[in-house]
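Undergrad: If you read the sequence shown in this note's numbering, its first letter stands for residue 4, the second for the next number, and so on.
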Amino acid sequence: MLSCIGYGAQQASDRLAPFKFDRRDTGPEDVRIDILYCGVCHSDIHQARNEWQNTVYPCVPGHEIVGRVSEVGSAVQKIKVGDLAGVGCMVDSCRECTNCREGLEQYCDNGFVGTYNGNDRHGRGNTYGGYSKAIVVDQAFVLKVPENLDLAAVAPLLCAGITTYSPLKHWKVGPGQRVGVVGLGGLGHMAVKFARAFGAHVVLFTTSQNKVEDGLRLGAHEVVLSKDPEAMAKETASFDFIIDAVAADHDINVYLNLLKREGTLVQVGAPEKPLPVTVFSLIMKRRGFAGSLIGGIAETQEMLDFCGEHGITSDIEMIAMDEIETAYSRMLKSDVKYRFVIDMATLDNAA
4 MLSCIGYGAQ QASDRLAPFK FDRRDTGPED VRIDILYCGV CHSDIHQARN
54 EWQNTVYPCV PGHEIVGRVS EVGSAVQKIK VGDLAGVGCM VDSCRECTNC
104 REGLEQYCDN GFVGTYNGND RHGRGNTYGG YSKAIVVDQA FVLKVPENLD
154 LAAVAPLLCA GITTYSPLKH WKVGPGQRVG VVGLGGLGHM AVKFARAFGA
204 HVVLFTTSQN KVEDGLRLGA HEVVLSKDPE AMAKETASFD FIIDAVAADH
254 DINVYLNLLK REGTLVQVGA PEKPLPVTVF SLIMKRRGFA GSLIGGIAET
304 QEMLDFCGEH GITSDIEMIA MDEIETAYSR MLKSDVKYRF VIDMATLDNA
354 A
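#1: So, for Ala234: in the same chain, excluding its five sequence neighbours on each side, which residues have a beta-carbon less than 7 Å away from its beta-carbon?
#2: Quick one: what does DSSP say Lys23 is sitting in, helix, strand or coil?
#3: Residues bridged to Ile345 by DSSP?
#4: So what does Gly70 bridge to, in DSSP terms?
#5: Tell me which residue opens and which closes the alpha helix (DSSP H) that Glu225 is part of.
#6: Please state the DSSP three-state secondary structure of Lys237.
#7: Roughly how many whole angstroms lie between the Cα atoms of His125 and Asp17?
#8: Which residue or residues does DSSP assign as beta-bridge partners of Tyr60?
#9: Please work out which residues of its chain come closer than 7 Å, Cβ to Cβ, to Leu190, disregarding the five sequence neighbours upstream and downstream, and give them in chain order.
#10: Exposed or buried, Asp153, counting other C-beta atoms within 10 Å across all chains shown (16 or more means buried)?
#11: Per DSSP, what kind of secondary structure is Asn213 in: helix, strand or coil?
#12: Starting from the C-beta of Lys136, find all residues in its chain whose C-beta is less than 8 Å away, skip the five residues before and the five after it, and write them out in chain order.
#13: Can you tell which of Gln304, Glu320, Asp231 has its C-alpha closest to the C-alpha of Leu107?
#14: Between Tyr119, Leu261, Cys62, which has its C-alpha nearest Lys237's C-alpha?
#15: Flag this pair as yes or no: are the beta carbons of Thr29 and Gly76 separated by less than 8 Å?
#16: Can you tell me where the beta strand (DSSP E) holding Asp308 begins and where it ends?
#17: Along the chain, where does the beta strand (DSSP E) containing Gly164 start, and where does it finish?
#18: Which word fits Asn120, buried or exposed, when buried means at least 16 other C-beta atoms lie within 10 angstroms of its C-beta?
#19: By the 10 Å Cβ neighbour count, where 16 or more other Cβ atoms means buried, how is Trp55 classified, buried or exposed?
#20: What ranges does the alpha helix (DSSP H) occupy inside the segment 241-274, keeping only unbroken runs of at least 4 residues that lie completely in it?
#21: What separation, rounded to the nearest whole angstrom, lies between the Cα atoms of Asp95 and Gly114?
#22: What do you reckon, are the CB atoms on Ile297 and Ala143 nearer than 8 Å?
#23: Could you spell out where the beta strand (DSSP E) holding Asp123 opens and where it closes?
#24: In three-state terms, what does DSSP make of Leu5?
#25: Report yes or no: is there a C-beta of chain C within less than 8 Å of the C-beta of His66?
#26: Please classify Glu302 as buried or exposed, where buried requires at least 16 neighbouring CB atoms within 10 angstroms.
#27: Go ahead and label Ser317 buried or exposed: buried means 16 or more other beta carbons lie within 10 angstroms of its beta carbon, across all protein chains shown.
#28: I think Val148 touches Val157, with their Cβ atoms under 8 Å apart; what is that distance to the nearest whole Å?
#29: Please name the residue in Gly85, His66, Gln80, Cys103 whose C-alpha comes closest to that of Thr130.
#30: Closest by CA to Val50, which one among His173, Gly11, Val34, Ala78?
#31: Compare the C-alpha of Asn122 against each of Glu150, Val182, Tyr60 and name the closest.
As structure tokens, this is what we get:
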């Protein structure tokens, strides 16, 4: 076994603290990665505090992992010792269902294995995530990281990046289309960057005047303050596609009414409460309201390669491991531009 140190919670009411545990030995198909950086996702808070009522403790969060390969199994061919590698939200799946065979492991009929708080298919119980020194992952779920990008800023691409890239690709967003992005947070700022890179005309919707300048800097062609009824009315029935990245309660019908005939709004933000939909927001113009998760492994690799070619990364704020609780508190106040990333070199000091 590989003795490992991480940061985790023993129960929902705990602050995160040092936690020692074992990783499995590197098997024939396995890759061991020494973790350099780990992004902080809002779902880390949900899981650490059992807000989704499904957390298995101890819980070591983290599914935006970038590091360097330190060991590979005898059957590993896709990556070698010394390479930069990433691990996103999944470390395994059944690999047998229709979705897995089509490269859509995120929709595995038997449930993908989460990088943390998942049921380890290697018989070791609960999976532990990237708030740790190292991780051992099957090569099928390891991603190659472009060498030309800021590694710390790559980490959030493995969740926030692919969560927005996947629907934009699936709905074939591109030149000649008018695309709306609702919310400029961890997800929204990546949606703006990708939609712009795909050649669409990008309009950001935000409730905050303070985010207008940033929205334009990140690639939006226009920024609309969603609290301004007149400004919103001017946008009625003018969008081919809208991606909604807001995780708070809001009126989804306001944005559905901005779609053209047969336009689609895709929800990637996950509000705690249901979003009531007025049927006439959909049926009067045959609009679509859909949802999207992360991408599969092949699509995530495609996204990383695209980012390498276009110089796209997340806007981040680096923190030390022992600053995680402060980061959580700030995230709940939307006080981050736009993703926290942990420098895992600081774990030794925190422990």
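Cβ atoms here follow ideal geometry from the backbone N, Cα and C, with glycine treated the same way.
TA: On the basis of the coordinates in this document:
#1: Val227, Leu228
#2: strand
#3: Cys41, Ile322
#4: Ile38, Ala88
#5: Not the alpha helix (DSSP H): Glu225 falls in the beta strand (DSSP E), residues 225-228.
#6: coil
#7: 28 Å
#8: Beta-bridge pairing links Tyr60 to no other residue.
#9: Ala163, Thr166, Thr167, Ala248, Val271, Gly272
#10: exposed
#11: helix
#12: Cys7, Ile8, Gly9, Asp37, Ile38, Met347, Leu350
#13: Gln304
#14: Leu261
#15: yes
#16: Unbroken run through Asp308 is the alpha helix (DSSP H), 300-313; no beta strand (DSSP E).
#17: That residue, Gly164, is in no beta strand (DSSP E); its alpha helix (DSSP H) goes 163-173.
#18: buried
#19: exposed
#20: 255-259
#21: 9 Å
#22: no
#23: That residue, Asp123, is in no beta strand (DSSP E); it is neither H nor E in DSSP.
#24: strand
#25: The chain labelled as chain C is not found in the depicted structure, where only one protein chain is given.
#26: buried
#27: buried
#28: 6 Å
#29: His66
#30: The question names Val, but residue 50 in the sequence shown is Gln. For Gln50, the nearest C-alpha among the options comes from Gly11.
#31: Tyr60
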